[in-house]
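To start, the structure under review is shown below, and the notes come after it.
2 protein chains.
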Amino acid sequence: MRQDHRLSRVLHVLIHLDRHRPHATSDEIAMMLRTNPVVVRRTLGGLKKSGLVSSEKGHGGGWQLARDLADITLRDIYNALGEPPLFAIGNADEQPRCLVEQAVNDAIDDTLDLARTLMMDRFASITLADIAADFDHRLKDYPEEARRFGHIRDDDAVKEDRQEGSKAG
Amino acid sequence: MRQDHRLSRVLHVLIHLDRHRPHATSDEIAMMLRTNPVVVRRTLGGLKKSGLVSSEKGHGGGWQLARDLADITLRDIYNALGEPPLFAIGNADEQPRCLVEQAVNDAIDDTLDLARTLMMDRFASITLADIAADFDHRLKDYPEEARRFGHIRDDDAVKEDRQEGSKAG
DNA sequence: AAGTTTGTAACTTTAATTGTTACGTGGTGG
DNA sequence: CCACCACGTAACAATTAAAGTTACAAACTT
Chain A
0 MRQDHRLSRV
10 LHVLIHLDRH
20 RPHATSDEIA
30 MMLRTNPVVV
40 RRTLGGLKKS
50 GLVSSEKGHG
60 GGWQLARDLA
70 DITLRDIYNA
80 LGEPPLFAIG
90 NADEQPRCLV
100 EQAVNDAIDD
110 TLDLARTLMM
120 DRFASITLAD
130 IAADFDHRLK
140 DYPEEARRFG
150 HIRDDDAVKE
160 DRQEGSKAG
Chain B
0 MRQDHRLSRV
10 LHVLIHLDRH
20 RPHATSDEIA
30 MMLRTNPVVV
40 RRTLGGLKKS
50 GLVSSEKGHG
60 GGWQLARDLA
70 DITLRDIYNA
80 LGEPPLFAIG
90 NADEQPRCLV
100 EQAVNDAIDD
110 TLDLARTLMM
120 DRFASITLAD
130 IAADFDHRLK
140 DYPEEARRFG
150 HIRDDDAVKE
160 DRQEGSKAG
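Protein chains in written order, with numbering that gives the first Met the number 0: chain A, 0 to 168; chain B, 0 to 168.
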């Protein structure tokens with residue numbers, strides 16, 4: 000089954016956006032994520048409706064964080080993405096007539112519901128500020144690579160990544 | 000993301016197999032699951048390697064449970080299926096250079112690991128006998144539909160389901 | 001008015017499960 | 001021993017959802 004990477008990508012982008020000059024364009028963000036600007040607009044467009052980011056058109060436009068990192072939990076982002084399916088496994092038929100299958104479905108659903116609750120609670124307990132703080136710790140341990148880590152903070156780093164085709168995104 | 004329904008289907012089949020005459024053929028099982036006999040052979044073939052079922056060719060052949068229901072946990076079956084992916088979400092890049100993305104990945108992986116452990120522990124604690132017992136309780140509450148529930152126990156019920164195109168699976 | 005950037009529709013690509021066809025292999029029974 | 005049955009498996013098609021791409025409209029800046 001093909002995985003949904005939107006949550007991971009959005010977390011990555013929003014933390015970078017926090018320390019970025021007023022706006023980052025879809026093109027810049029797309030380069031960082033090694034993807035397409037349309038994918039960026041599509042994904043961030045959803046977050047805009049939830050008030051997590053804002054966008055502006057024209058010269059000097061682009062995307063900007065609309066809230067403080069400490070005010071955004073992973074759960075907020077998951078919800079803003081439309082609460083996409085969490086599990087790659089599931090029941091063959093959710094409304095079966097067969098009582099055996101009903102018992103099977105209940106056993107599986109109970110487990111999935113427990114796991115979903117755990118994940119949602121945990122997502123709700125983690126803010127983007129927490130992840131950014133973790134990043135700061137990593138930065139302290141590897142100062143020599145520091146310039147790389149702010150790779151959408153200056154255009155040079157972005158261009159360099161693009162030329163290299165590196166995985167630094 | 001398209002879901003994997005093999006676990007659900009296998010549980011359903013194995014419980015029916017428990018009370019079935021010596022062998023059930025791939026065709027009979029396929030009718031019950033409303034799918035194709037090749038899919039049945041493919042799926043049950045994997046379980047055979049783990050010693051959960053056995054198969055015989057020729058007249059009177061088919062599939063049979065190789066262990067007691069009480070000796071088979073959902074975890075056993077999940078493992079026998081090759082431990083397919085559990086989650087529909089994941090990280091865009093599992094080995095990123097960017098320290099921000101590393102921090103993001105760790106936050107998500109921590110949550111997924113916790114959920115995976117919860118699910119595996121729970122699967123390990125549920126046997127097919129538990130689900131069969133749940134089925135028996137349901138049967139008590141709805142005795143008038145009882146004939147339907149053993150739908151691979153006699154060929155008539157199977158044929159009926161086939162003609163109706165019902166969801167009794 | 002020109003250029004930049006988001007917004008969005010429509011289509012293609014990709015990857016995974018599931019479904020299907022076809023044929024080989026082995027076992028049963030008359 | 002021969003017809004038949006059922007599993008075993010390779011090869012390919014269908015289905016589905018995310019992600020990528022192209023094209024263009026709309027809005028904003030200078």
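Yeah, the Cβ is synthetic: ideal placement off N, Cα and C, and Gly gets one too. Please read these numbers as outputs of a predicted model, since none were measured by experiment.
Here threonine 110 (chain B) is buried, its C-beta having at least 16 other C-beta atoms within 10 Å. Rounded to the nearest angstrom, the gap between the Cα atoms of arginine 41 (chain A) and asparagine 35 (chain A) is 10 angstroms. Under the 8 angstroms Cβ criterion, the segment 1 to 8 of chain A counts as touching the segment 84 to 99 of chain B, having at least three qualifying pairs. Counted as a single uninterrupted DSSP element, the beta strand (DSSP E) harbouring glycine 61 (chain A) occupies residues 61 to 64. With respect to isoleucine 130 (chain A), valine 12 (chain B) sits apart: the two C-beta atoms are not nearer than 8 angstroms. For the 8 angstroms CB-CB criterion, glutamine 63 (chain B) and leucine 16 (chain B) form a contact. Looking only at A:Ile107, A:Val37, A:Arg20 and A:Arg1, the smallest Cα-Cα distance to isoleucine 125 (chain B) is reached by A:Ile107. A direct Cα-Cα distance of roughly 12 angstroms separates valine 99 (chain B) from arginine 18 (chain A).
Excluding residues up to 5 positions away in sequence, Gly50 and Leu51 lie with their Cβ nearer than 8 angstroms to the Cβ of arginine 66 (chain B) in the same chain.
In the DSSP assignment, serine 54 (chain B) falls within the unbroken beta strand (DSSP E) covering 52 to 55. At a C-beta separation below 9 angstroms, glutamine 101 (chain B) has these neighbours in chain A: Asp133, Phe134 and Arg137. Against chain B, the beta carbon of asparagine 35 (chain A) has no neighbour under 7 angstroms; the closest one sits roughly 13 angstroms away. Contact annotation: in the segment 7 to 24 of chain B, residues whose CB is within less than 8 angstroms of a CB in chain A are Ser7, Arg8, Leu10, His11, Ile14 and His15. By the Cβ neighbour-count rule, arginine 1 (chain A) is exposed, with fewer than 16 other Cβ atoms within 10 Å of its own. Put simply, of A:His58, A:Leu43 and A:Met119 the residue whose alpha carbon is nearest the alpha carbon of glutamate 82 (chain A) is A:Met119. In this structure, the CA atom of histidine 58 (chain B) is about 29 angstroms from the CA atom of aspartate 70 (chain B). If you check the CB distance, arginine 74 (chain A) and phenylalanine 134 (chain A) do not come in under 8 angstroms. Here alanine 23 (chain B) really is in contact with glycine 61 (chain B); their C-beta atoms are around 5 angstroms apart, less than 8 angstroms.
The beta-bridge partner set that DSSP reports for aspartate 133 (chain A) is empty. For isoleucine 76 (chain B), the secondary structure class from DSSP, reduced to helix, strand or coil, is helix. DSSP places aspartate 105 (chain A) within a helical segment (H, G or I) once states are collapsed to three. Taking CB atoms only, glutamine 2 (chain A) has a neighbour in chain B less than 8 angstroms away. Contact note: alanine 79 (chain B) does not reach chain A at a C-beta cutoff of 8 angstroms; the least C-beta distance is about 14 angstroms. For alanine 23 (chain B), DSSP records a beta bridge to B:Trp62. DSSP places arginine 41 (chain B) inside the alpha helix (DSSP H), whose first and last residues are 36 to 48.
For aspartate 70 (chain B), the secondary structure class from DSSP, reduced to helix, strand or coil, is helix. Neighbours of aspartate 105 (chain A) in chain B, taken as residues whose beta carbon is under 9 angstroms from its own, are Ile130 and Asp133 in chain order. By the Cβ-count criterion, proline 95 (chain A) is buried, with 16 or more other Cβ atoms from all chains shown falling within 10 Å of its own Cβ. Per the C-alpha coordinates, the member of B:Gln101, B:Leu138 and B:Leu85 positioned closest to aspartate 112 (chain B) is B:Leu85. The criterion of a C-beta distance shorter than 8 angstroms is satisfied by isoleucine 14 (chain B) and leucine 127 (chain B).
Chain B has a Cβ within less than 8 angstroms of the Cβ of glycine 89 (chain A). By DSSP's assignment, threonine 126 (chain B) forms a beta bridge with B:Thr72.
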